[in-house]
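Engineer: Residue numbers (full-length UniProt numbering), protein chains in the order written: chain A, 1 to 139; chain B, 1 to 581.
Think of the CB as a built atom: it goes at the ideal place given N, C-alpha and C, for glycine as much as any other residue.
These numbers were taken from a predicted model, which means no experiment stands behind them.
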């Protein structure tokens with residue numbers, strides 16, 4: 001279950017960030033922020049190769065004692081960062097991948113909305129509901 | 001029934017307030033109405049009135065709504081008879097069922113009350129046939145659907161195809177709803193999330209916008225009546241209400257069938273009804289009938305009024321869209337377009353007029369060949385030359401002495417190029433003062449085409465002066481405009497000339513057009529032919545120089561415009577908070 005989900009734009013500012021309210025949200029924001037460096041590092045590591053060859057799913061970015069941070073990058077350099085609770089039954093990689101896939105699909109739906117200007121904060125209810133479902137998924 | 005009520009109210013309260021904008025007051029009224037309905041008849045409505053965070057119920061004065069229902073109720077009954085024709089007054093009674101302040105423009109509250117009351121009373125009638133669909137506000141009435149379909153066609157001629165996202169965005173933005181709300185509406189209506197709207201999706205989105213404008217909070221999810229599948233079933237024969245409602249009735253639960261049938265009947269009646277009809281419907285007991293007739297009347301009134309108020313182009317734009325409909329329907333959609341969601345209509349209409357203006361610019365800026373620009377522009381920057389290279393060319397200006405030569409040469413050349421009328425004509429002509437700008441022109445022109453060339457000279461003189469006058473103004477005017485003006489101005493002076501010149505030579509040959517006195521040409525015509533050629537060559541060279549100069553000037557202007565554009569884009573970039581790219 002995701003404790004915090006964030007969508008980061010290409011310029012590394014958040015388009016959407018949401019965490020479980022019970023927790024200290026600022027901590028998650030900070031974790032997401034620091035994870036951006038790792039994301040960039042992973043991107044640049046494969047940067048030489050064509051973007052097509054680079055996989056979108058970045059995998060575990062870095063673990064902390066309580067949480068694990070996963071990353072996912074789209075071809076337009078929009079990053080999804082997910083923080084999951086380590087205490088939960090360890091989510092398999094496939095589950096994380098599927099969650100990111102759902103995120104990506106929802107994000108493309110948001111982009112399809114002509115009233116959404118790229119770079120705006122994401123205020124789509126469908127997106128919200130999808131993220132909510134992810135966050136309470138494995139409670 | 002509620003839908004009808006909604007429609008009725010929506011369409012029927014168009015000109016309540018005689019403000020400049022019919023739509024706004026009507027919208028306010030609508031909001032009052034609907035809010036009231038929401039508050040008081042939640043039980044009847046399954047829609048979630050308070051859910052949407054985006055929903056901000058209009059701040060309609062609630063006290064309006066509180067006013068006596070019973071009072072309005074009875075009045076509503078009595079008012080049903082009022083709905084008759086009387087062109088303008090009819091609207092008032094329609095709007096104000098009780099007609100307390102009959103037609104008083106200032107009596108908005110009573111009207112609001114009236115509309116509210118009416119809606120209320122209508123709702124309350126348990127025996128209403130068409131009322132009380134669980135999701136009534138989200139049901140698209142027949143008139144609405146036709147209106148939506150027409151709007152769809154105006155955007156996308158092929159009803160089975162898509163409206164692209166950008167087109168739809170521009171269209172819906174005209175409704176002046178906030179972007180988040182529009183975004184949410186899009187989210188609801190674009191079921192397949194493909195960034196384009198099919199006809200059912202478009203109707204759903206439109207209906208949501210209409211509802212939102214009328215004060216309904218947006219639903220959490222797409223109501224079943226707005227689902228594309230549901231709407232798709234309705235579309236095959238939008239005009240065939242009977243068939244339509246048959247399908248409806250089949251799909252709807254049994255208890256709704258009678259409502260459907262009633263609705264169908266009413267709609268069919270309404271469809272049959274033409275403008276003056278309403279009176280007939282009044283006889284029916286059903287309020288829905290009356291509402292429909294009211295609706296009709298209102299639409300008609302609105303159409304009439306709006307046609308008067310709004311620019312004709314709007315009508316024109318609407319007409320083609322509705323041309324496919326039958327006559328009665330044709331009239332109705334037009335009026336509907338005015339009456340319903342008039343705000344949107346006004347906006348869309350408002351969009352239409354602006355388009356024409358650019359056209360002349362277009363013709364100048366793009367469509368028209370550069371030749372035209374060159375033809376007419378040179379006058380702007382180059383007052384000296386003052387001539388339009390093609391037709392008149394340089395000659396006349398330089399010096400009178402040359403004129404003589406030119407006259408000869410021009411005459412001769414014109415003889416070559418044109419109909420060889422020079423000789424006869426020249427000989428025939430007396431010695432008119434060719435120097436005379438206008439008079440000479442016309443006189444000469446009358447006599448012969450050749451004379452027109454003689455005219456060219458004075459015309460050229462005139463044109464340059466005009467050009468000189470216009471050039472400063474033109475320069476001030478935006479780049480795109482000057483061309484049209486000079487064109488017009490040039491055309492006038494040239495009209496006499498070009499007409500005659502065309503046969504001779506519109507463009508290049510005109511260089512030699514500057515002619516002199518015919519009689520002199522006649523004398524030395526034959527001998528001067530060679531000289532004429534040389535002169536023509538020289539003229540052409542001069543024309544080339546002028547054109548080159550013009551070209552450079554145009555290039556400069558182009559650069560300036562580019563720079564301006566870049567500056568504006570930079571500003572835009574700076575103002576815009578972030579951009580992905």
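Do we get a CB-CB distance below 9 Å when we pair residue 113 of chain A with the residues of chain B?
Structural biologist: So, interface residue.
Engineer: Run down chain A in chain order and give the residues with a C-beta less than 7 Å from the C-beta of residue 191 of chain B.
Structural biologist: Going along chain A, no residue has its Cβ under 7 Å from residue 191 of chain B, so there is no contact; the nearest lies around 11 Å.
Engineer: Could you give the residue range of the alpha helix (DSSP H) that holds residue 30 of chain A?
Structural biologist: Counting along the chain, the alpha helix (DSSP H) containing residue 30 of chain A begins and ends at 25-45.
Engineer: Run through DSSP, which three-state label would residue 572 of chain B get?
Structural biologist: Reduced to three states, the DSSP call for residue 572 of chain B is helix.
Engineer: In whole angstroms, what separates the C-alpha of residue 556 of chain B from that of residue 548 of chain B?
Structural biologist: Roughly 12 Å between the two C-alpha positions.
Engineer: Can you tell me which of the three DSSP states residue 176 of chain B falls into?
Structural biologist: Residue state, collapsed to three classes: coil.
Engineer: So, using beta-carbon positions, are residue 5 of chain A and residue 115 of chain A closer together than 9 Å?
Structural biologist: For residue 5 of chain A and residue 115 of chain A, no; Cβs fall outside 9 Å.
Engineer: Apply the 10 Å Cβ neighbour rule to residue 225 of chain B and answer buried if 16 or more other Cβ atoms are within range, or exposed otherwise.
Structural biologist: Buried: at least 16 other Cβ atoms inside 10 Å.
Engineer: Label residue 59 of chain A either buried or exposed according to how many other C-beta atoms from any shown protein chain fall within 10 Å of its C-beta, with 16 as the threshold for buried.
Structural biologist: Classification for residue 59 of chain A: exposed.
Engineer: Would you verify that the beta carbon of residue 169 of chain B is, or is not, closer than 9 Å to some beta carbon of chain A?
Structural biologist: Cβ-Cβ to chain A under 9 Å: yes for residue 169 of chain B.
Engineer: Please report the distance separating the alpha-carbon of residue 91 of chain A from that of residue 209 of chain B.
Structural biologist: Going from the Cα of residue 91 of chain A to the Cα of residue 209 of chain B covers about 43 Å.
Engineer: Going along chain A in order, which residues have a C-beta closer than 7 Å to the C-beta of residue 201 of chain B?
Structural biologist: Going along chain A, no residue has its Cβ under 7 Å from residue 201 of chain B, so there is no contact; the nearest lies around 12 Å.
Engineer: Less than 9 Å between CB atoms is the rule here; does residue 108 of chain A satisfy it with respect to chain B?
Structural biologist: Closer than 9 Å to some Cβ of chain B, the Cβ of residue 108 of chain A qualifies, so yes.
Engineer: So which residues of chain A does residue 166 of chain B contact, with C-beta pairs closer than 7 Å?
Structural biologist: By Cβ distance, chain A contributes 114.
Engineer: Closer than 8 Å between beta carbons: that is the criterion. Which residues of the stretch 116-132 of chain A meet it against chain B?
Structural biologist: For the stretch 116-132 of chain A, which is checked against every Cβ of chain B, the residues closer than 8 Å are 116, 118, 119, 123, 124, 125, 126.
Engineer: Check residue 183 of chain A in the structure and name its three-state DSSP category.
Structural biologist: What is shown of chain A runs 1 to 139, which leaves residue 183 of chain A out entirely.
Engineer: Once DSSP output is grouped into helix, strand and coil, what is the label at residue 208 of chain B?
Structural biologist: Note: residue 208 of chain B maps to helix in three-state DSSP.
Engineer: For residue 190 of chain B versus residue 94 of chain A, is the C-beta distance shorter than 9 Å?
Structural biologist: Contact: no.
Engineer: Once the 5 residues before and after residue 130 of chain A are set aside, which same chain residues still bring their CB inside 8 Å of it?
Structural biologist: Around residue 130 of chain A: 102, 103, 106.
Engineer: Show which residues of chain A have a CB atom less than 9 Å away from the CB atom of residue 186 of chain B.
Structural biologist: Here the neighbours are 112, 113, 114, 115, 116.
Engineer: Taking 9 Å as the threshold (beta carbon to beta carbon), is residue 162 of chain B in contact with chain A?
Structural biologist: Not one chain A Cβ lies under 9 Å of residue 162 of chain B.
Engineer: To which residues does DSSP link residue 56 of chain A through a beta bridge?
Structural biologist: DSSP output for residue 56 of chain A lists no bridge partner at all.
Engineer: Is residue 535 of chain B buried or exposed, if buried means 16 or more other CB atoms sit within 10 Å of its CB?
Structural biologist: Answer is buried; the Cβ neighbour count reaches 16.
Engineer: If contacts are defined as beta-carbon pairs under 8 Å, then residue 181 of chain B and residue 155 of chain B qualify, I think. What distance do you get, rounded to the angstrom?
Structural biologist: With a Cβ gap of about 20 Å, residue 181 of chain B and residue 155 of chain B do not count as contacting.
Engineer: Whole-angstrom Cβ separation of residue 186 of chain B and residue 205 of chain B, contact assumed at under 8 Å?
Structural biologist: About 6 Å separates the two Cβ atoms, so the contact holds.
Engineer: Excluding the five sequence neighbours on either side, which residues of its own chain have a C-beta within less than 6 Å of the C-beta of residue 159 of chain B, listed in chain order?
Structural biologist: Answer for residue 159 of chain B: 199, listed in chain order.
Engineer: By DSSP, does residue 133 of chain A sit in helix, in strand, or in coil?
Structural biologist: DSSP places residue 133 of chain A in helix when its eight states are reduced to three.
Engineer: Apply the 10 Å Cβ neighbour rule to residue 151 of chain B and answer buried if 16 or more other Cβ atoms are within range, or exposed otherwise.
Structural biologist: Answer is buried; the Cβ neighbour count reaches 16.
Engineer: Does any C-beta atom of chain A lie closer than 9 Å to the C-beta of residue 139 of chain B?
Structural biologist: By this cut-off, residue 139 of chain B is not an interface position.
Engineer: When the cut-off is 9 Å and only beta carbons count, does residue 152 of chain B lie next to chain A?
Structural biologist: By this cut-off, residue 152 of chain B is not an interface position.
Engineer: Could you tell me how far apart the beta carbons of residue 3 of chain A and residue 15 of chain A are, in whole angstroms, since I believe they sit closer than 8 Å?
Structural biologist: Contact flag wrong, Cβ pair sits at about 19 Å.
Engineer: Suppose you measure from the CA of residue 172 of chain B to the CA of residue 117 of chain A; what does that come to, to the nearest Å?
Structural biologist: Whole-angstrom Cα-Cα distance: 15 Å.
Engineer: In whole angstroms, give me the CA-to-CA distance for residue 177 of chain B and residue 109 of chain A.
Structural biologist: When rounded, the distance between both Cα atoms is 21 Å.
Engineer: Under 9 Å between the Cβ atoms of residue 39 of chain A and residue 17 of chain A?
Structural biologist: No, they are not a contact pair.
Engineer: Buried or exposed: residue 90 of chain B, going by 16 or more other Cβ atoms within 10 Å of its Cβ?
Structural biologist: In this prediction, residue 90 of chain B has a pLDDT of 39, which is less than 50 and means its spatial position is unreliable; what the coordinates show is noted afterwards. Label assigned to residue 90 of chain B: buried.
Engineer: Just mark residue 568 of chain B as buried or exposed, buried being the case when its beta carbon has 16 or more other beta carbons within 10 Å.
Structural biologist: Result: exposed.
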